[in-house]
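S.K.:
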Amino acid sequence: MLILLSILILFIPFWFQIIVGNKSLNNSISISFVIVCVISLILQVLITLFSFFLAIKSIVGSGNKCATGAVGIFAFSFLITLLMLFAMVVQFVKKKLRDRSVNLDEPE
0 MLILLSILIL FIPFWFQIIV GNKSLNNSIS ISFVIVCVIS LILQVLITLF
50 SFFLAIKSIV GSGNKCATGA VGIFAFSFLI TLLMLFAMVV QFVKKKLRDR
100 SVNLDEPE
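Under numbering that gives the first Met the number 0, think of the first position of the sequence shown as 0, with each following residue one higher.
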């Protein structure tokens with residue numbers, strides 16, 4: 000059960016980026032988009048380390064002496080980080096295109 004939990008908590012920074020990043024770009028909150036991105040990346044590193052130790056505890060606690068399977072957490076976290084970086088770029092480009100279309104629609 001802890002293995003599943005250690006994998007699921009890796010998605011927390013990704014969802015944070017999606018939700019808070021969109022709110023930041025829509026000016027619903029006062030935090031800048033860059034700060035949201037930095038917080039997401041730092042959270043990803045911290046949660047990856049926590050998830051790794053949680054997976055080791057689960058594997059060793061079940062009686063196994065070899066916990067090298069927990070190293071897969073880092074590979075999975077790397078894939079989620081790439082997905083999060085892609086989401087950041089998409090959010091940024093979406094904001095720039097929206098700003099550009101608003102500027103083109105305004106009469107001079």
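Where is the CB? At the ideal position from N, CA and C, for every residue including glycine.
Assuming L4 and L53 are in contact, meaning their beta carbons sit under 8 Å apart, how far apart are those beta carbons, in whole angstroms?
M.R.: Position 5 of the sequence shown holds residue 4. Position 54 of the sequence shown holds residue 53. The Cβ separation is near 7 Å, so the contact holds.
S.K.: Per the contact definition of three or more C-beta pairs closer than 8 Å, is the stretch 72-81 in contact with the stretch 20-28?
M.R.: No: the two stretches stay apart, fewer than three of their Cβ pairs being nearer than 8 Å.
S.K.: Please classify S31: is it buried, with 16 or more other beta-carbons within 10 angstroms of its beta-carbon, or exposed?
M.R.: Sequence index remark: in the sequence shown, residue 31 carries index 32 (1-based). The residue in question, S31, is exposed, as its Cβ has fewer than 16 Cβ neighbours within 10 Å.
S.K.: Can you name the start and end residues of the alpha helix (DSSP H) that L9 belongs to?
M.R.: As a working note, residue 9 is residue 10 in the sequence shown. Counting along the chain, L9 falls outside any alpha helix (DSSP H), and DSSP gives it neither H nor E.
S.K.: Under a three-way DSSP split, which group does N121 fall into?
M.R.: Coverage of the chain is limited to positions 0 through 107, which leaves residue 121 absent and any answer about it impossible.
S.K.: Mind checking which residues open and close the alpha helix (DSSP H) that includes V59?
M.R.: Reading the sequence shown from its first residue, position 60 is the one you call residue 59. Here the alpha helix (DSSP H) through V59 covers 32-60.
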